[in-house]
Amino acid sequence: MWELRSASFWRAIFAEFFATLFYVFFGLGASLRWAPGPLHVLQVALAFGLALATLVQAVGHISGAHVNPAVTFAFLVGSQMSLLRALCYMVAQLLGAVAGAAVLYSVTPAAVRGSLALNTLHPGVSVGQATIVEIFLTLQFVLCIFATYDERRNGRMGSVALAVGFSLTLGHLFGMYYTGAGMNPARSFAPAILTRNFTNHWVYWVGPVIGAGLGSLLYDFLLFPRLKSVSERLSILKGTRPSESNGQPEVTGEPVELKTQAL
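With full-length UniProt numbering as the guide, the letters of the sequence shown map in order to residues 1 to 263.
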């Protein structure tokens with residue numbers, strides 16, 4: 001529980017709340033229909049991707065810029081953060097998402113806000129098919145995040161923020177035709193709770209969580225294994241802070257500091 005007394009811990013929690021608020025505000029805002037006709041998928045995909053890229057650049061060095069409960073779950077599965085930090089991140093992300101959607105709802109004309117870009121399944125897509133699509137969308141997204149955030153890589157090229165943003169954009173370009181491209185339970189939860197419409201809502205939790213977990217296991221245990229003992233992983237999950245007298249480095253469960261580079 002020492003993390004609760006750490007100022008950096010609370011800054012990270014606020015950063016997740018703040019970032020998710022802005023992510024949902026701009027992403028959902030770009031998804032509203034202001035004029036008759038089909039919604040421009042590229043516009044929505046770029047809005048979500050650029051919003052996340054901006055936020056990774058802005059708060060990545062503070063909290064890791066997860067902005068997504070599924071991403072936080074992936075880092076938890078990979079034993080890269082403590083359970084306490086992960087739970088606090090998820091609560092902050094959900095509250096931030098609802099706050100962002102509420103602000104958007106309040107500033108948008110009633111004739112335009114509609115269902116507030118609520119994620120829905122495309123007609124003809126079953127819940128099973130939708131869940132598989134969400135798994136694949138989130139799997140590629142988490143693999144990109146783990147690869148670009150990985151502090152063990154030498155000579156990382158390009159911009160971490162843009163790489164993550166492009167991965168999210170890719171997911172939207174494909175997934176919007178099937179499920180509306182959830183990939184983020186907080187993004188799906190916010191409009192659902194404001195419009196009180198939870199039809200097939202579980203798909204947007206189960207799919208991303210499974211995809212994120214698989215991505216974490218695939219990267220951290222198969223593609224680029226982290227050589228940690230079981231005791232080390234348990235220490236990180238518990239957020240153990242060993243006494244300085246034992247001469248060992250502290251196990252804090254702090255998020256990886258992002259060292260972004262210019263493209």
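Glycine residues also receive a C-beta, built at the ideal position from the N, C-alpha and C atoms. Here the structure is a predicted model, which means the values were calculated and not measured.
Would you call residue i buried or exposed, if buried means 16 or more other Cβ atoms sit within 10 Å of its Cβ?
| i | result |
| --- | --- |
| GLY158 | exposed |
| ARG187 | buried |
| PRO242 | Legend: pLDDT at PRO242 = 47, less than 50; position of this residue unreliable, value from coordinates given subsequently. Per the 10 Å Cβ criterion, exposed. |
| GLY171 | buried |
| GLN80 | buried |
| LEU28 | buried |
| GLU134 | buried |
| ALA51 | buried |
| ALA111 | exposed |
| ASN154 | exposed |
| LEU83 | exposed |
| PRO69 | buried |
Tell me, to the nearest whole angstrom, how far the beta carbon of residue i is from that of residue j; I am working on the premise that it is less than 8 Å.
| i | j | result |
| --- | --- | --- |
| ALA97 | VAL203 | At roughly 17 Å, the Cβ-Cβ gap does not stay under 8 Å, so ALA97 and VAL203 are not in contact. |
| ALA53 | ALA161 | 4 Å |
| ALA102 | LEU234 | Between LEU234 and ALA102 the Cβ distance is about 39 Å, and since that is not below 8 Å, they are no contact. |
| PRO191 | THR138 | Going by Cβ atoms, the distance from PRO191 to THR138 rounds to 18 Å, so no, they are not a contact pair. |
Which of helix, strand or coil does DSSP assign to residue i?
| i | result |
| --- | --- |
| GLU16 | helix |
| HIS122 | coil |
| ARG153 | coil |
| ARG196 | coil |
| SER159 | coil |
| TRP2 | helix |
| ARG233 | helix |
| TYR219 | helix |
| LEU32 | coil |
| GLN129 | helix |
| HIS66 | coil |
| PRO38 | coil |
| LEU173 | helix |
| THR148 | helix |
| THR138 | helix |
| TYR178 | coil |
Closest to residue i by CA distance: which of the options is it?
| i | options | result |
| --- | --- | --- |
| PHE198 | MET81, ASN119, MET90, GLY100 | ASN119 |
| ALA65 | LEU46, SER79, GLN93 | GLN93 |
| LEU21 | MET81, GLU3, ARG5, TYR89 | TYR89 |
| MET176 | LEU39, VAL112, THR148, TYR219 | LEU39 |
| PRO185 | VAL24, TRP10, PHE18, PHE14 | VAL24 |
| PHE141 | PHE166, ALA30, LYS238 | PHE166 |
| TYR178 | TYR149, SER126, GLU3 | SER126 |
| ILE145 | ALA163, ALA12, LEU227, VAL91 | ALA163 |
| LEU143 | ILE13, VAL56, TRP10, ASP220 | ASP220 |
| GLY128 | VAL206, VAL107, PHE18 | VAL206 |
Just curious, the alpha helix (DSSP H) that residue i is in, first and last residue?
| i | result |
| --- | --- |
| PRO69 | 69-77 |
| ILE89 | With the sequence shown as reference, residue 89 is identified as Tyr, and Ile is not the correct amino acid for it. From DSSP, the alpha helix (DSSP H) with TYR89 extends over 83-107. |
| ALA111 | 110-113 |
| LYS228 | First-last for LYS228: undefined, no H or E at that position. |
| PHE48 | 41-63 |
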